[in-house]
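Note that my numbering has the sequence shown beginning at 365, numbered continuously upward. A quick write-up on the structure given underneath.
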Amino acid sequence: RAAALLAAVGLVVAATVWWVLYGPLSAKVVWLAGLGLLAFVPALLFMGVFYMRFRFSVTARQAVLSFLGGCATIVPAFIVEIILSYSLEYALFWVAGNSDLIFLIFLHAFVVYACTEELCKYIVVRKILFQSHVVDCGGVLLYGLAAGGGFAPGGEV
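Shown next as structure tokens:
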């Protein structure tokens, strides 16, 4: 309850500071805030449900660090995906002569995007596992869910 109250007070303070510095909130800012909220709510709900189930296997601090680590890997994964996408498209254009192949779409979807995103989430979970002692496989499940839940809102927004 204290964390929810602190978050609500933080939002009110942030909105007040914005109002003082920049004037009233425009409709665009309100829509963007709503989209951000809609992106994070499902991830936080799933993480909360699984944390209640496996709360004796992990600490809340480690779960939050895994969630924030998933959020932090959005930008590096996006940069790597762009680089791999352009280099793969360029290489296949010279091989096939046509960049609109179904094979190219398959490679982009499964090799470039899926492998890059899953590797980033794996790195976050692996880093958490090296720092702590995990009691059972439920803890690993929660760490993976938290890292994926942190990564998902970036894809949604």
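Ideal placement from N, C-alpha and C gives every residue a C-beta, glycine not left out. Note that the structure is predicted; figures quoted are calculated from it, not measured.
{"Query": "C-beta contact flag for Ala516 and Phe431 at 7 Å", "Result": "no"}
{"Query": "Ala473 versus Cys435: straight-line alpha-carbon distance, rounded", "Result": "21 Å"}
{"Query": "Selected residue, minimal CA-CA separation from Ile447, among Ile469, Val476, Val422", "Result": "Val476"}
{"Query": "Unbroken alpha helix (DSSP H) run spanning Leu471, endpoints", "Result": "Leu471 -> no alpha helix (DSSP H), and no H or E assigned at all."}
{"Query": "Status (buried if at least 16 other CB within 10 Å, exposed otherwise) for Glu351", "Result": "The requested residue 351 is not part of the displayed model; the chain covers only 365 to 521."}
{"Query": "Ala427 and Leu506 closer than 7 Å at C-beta", "Result": "yes"}
{"Query": "Between the CA atoms of Leu493 and Val422 - distance to the nearest angstrom", "Result": "11 Å"}
{"Query": "Pro388 (DSSP reduced to helix, strand or coil)", "Result": "coil"}
{"Query": "Continuous alpha helix (DSSP H) stretch holding Tyr477: start and end", "Result": "Neither: Tyr477 is in no alpha helix (DSSP H) and is coded neither H nor E."}
{"Query": "Short Cβ contact (7 Å threshold) for Gly513 with Ala407", "Result": "yes"}
{"Query": "Beta-carbon spacing of Ala441, Cys484 below 7 Å", "Result": "yes"}
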